[in-house]
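Residue numbers (my numbering): 3 to 281.
C-beta atoms are modelled at their ideal positions from N, C-alpha and C, and glycine is treated no differently.
The next block holds one structure in the form of structure tokens; read it before the comments.
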Amino acid sequence: MADPFDAALDLLRRLPPSSTQKNLNGIISLRPELEEDLLSSVDVALTSRRCTKSGRDYLCCDYNRDGDSYRSPWSNEFEPPIEPEDAADLIPHGRVRRMEESLNAGFDVYRELYYEGGISSAYLWALDEGFAGVVLFKKASSAGGSAGKGGWDSIHVLEVNESATKRSAHYKLTSTVILDLGMSSAAVDSLELAGNLTRQTQQDLPLNGLRDAEVEQGHMSNIGRMVEDMETRMRNLLQEVYFGKAKDVVGDLRSIQPLSEAERDRAAHKEAISKMNRG
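Below you can see the structure in the form of structure tokens.
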């Protein structure tokens, strides 16, 4: 008999990507014991909340969640509040929190430049020989009113292992982009394009400076470049895979060339073949 967790993942892979959250909730309602494993293994479109202290929006994921509470990167507090003994282990302090604040400030500028809107959030936590974290971006669009919609969700999970001298670090980045596009009109009826793409990269990068502040700034620069490069690469891949392939398929099914031009091309082709045969 198949393992329930594997069966759930297999089922989710075969259902429409745009309905992953709905289907995930349905599976969890049937098998509540799978909730933690599924939420940590299945990528779904990000949701957002508003930080009551700062008034700023932040993104929610499994990495800043404890039960039904989520930690705001702006206030560094869980909302609703959790037990103090749990918060001590889940809330970052010291240099990890300083780097988290720097990442949120830096990616907030990046988001405004590249996304021209949307929401970004970054969360870090300490490891024995370094730290780990996640950088999130979400942009939703309803350009065209009720006829069109679009959603882009980026999830960048990183793990950083520092050398003993803190002169360099090994960075492992796993990135997932969830794309959801759709439109409805009298001309095309209803069209939906949804899916996700995951890529991974690893790099050993130097850290300049001896003071803690310089090492922290080095980490921020390295992470920023890696995330920016990965986002650019994945955007180009999505453009090629989603739109390039879709255009090729539609072109094979039906030509958009006017009938008169198509007839001219066929006649010229036929004439060329005829001349070759006579020769």
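Check, Outcome
"Tell me which residues share the same chain as Thr49 and place their Cβ nearer than 7 Å to its Cβ, disregarding the 5 neighbours each side in the sequence.", "Cys62"
"May I ask you to list the residues that DSSP assigns as paired with Pro208?", "Ser170"
"Quick check for students: name the residue ranges of the alpha helix (DSSP H) that lie wholly in the region 83-129, counting only runs of 4 or more.", "86-92, 96-116"
"Asp45: which of Leu240, Leu11, Tyr60 sits nearest, CA to CA?", "Leu11"
"Specify, as a first and last residue, the run of the alpha helix (DSSP H) that Leu239 falls within.", "214-240"
"Which residues share a DSSP beta bridge with Cys62?", "Thr49"
"Give the secondary structure of Gly57 by DSSP, where H, G and I count as helix, E and B as strand, and everything else as coil.", "coil"
"Compute the distance between the beta-carbons of Tyr72 and Asn66, then report whether it is under 7 Å.", "yes"
"Helix or strand or just coil, what does DSSP make of Arg33?", "coil"
"For Lys140, does the count of other Cβ atoms within 10 angstroms reach 16, so buried, or fall short, so exposed?", "buried"
"Are Ala196 and Asp206 closer than 7 Å when you measure CB to CB?", "no"
"Would Thr176 pass as a contact of Gln202 if the rule is Cβ separation under 7 Å?", "yes"
"Give me the DSSP bridge partner(s) of Leu183.", "Gly152, Leu195"
"Would you grab the beta carbon distance between Ile30 and Leu40 for me? Rounded to a whole angstrom, and I think it's under 8 Å.", "6 Å"
"Between which two residues does the alpha helix (DSSP H) carrying Leu14 extend?", "6-16"
"Measure the alpha-carbon distance for Glu164 versus Ile157 and round it to whole angstroms.", "23 Å"
"Considering only their Cβ atoms, is the gap separating Leu138 from Ser123 smaller than 7 Å?", "yes"
"I'd like the list of long-range same chain contacts for Asp110, defined as Cβ closer than 7 Å, with 5 residues on each side in sequence excluded.", "Ser122"
"I need the straight-line Cα distance from Ala215 to Asp70, nearest angstrom please.", "35 Å"
"According to DSSP, what are the bridge partners of Ile157?", "Leu138, Thr178"
"Report buried or exposed for Arg235, applying the criterion of at least 16 other Cβ atoms within 10 angstroms of its Cβ.", "exposed"
"Nearest to Asp130 by CA position, among Val217, Glu161, Arg213, is which residue?", "Glu161"
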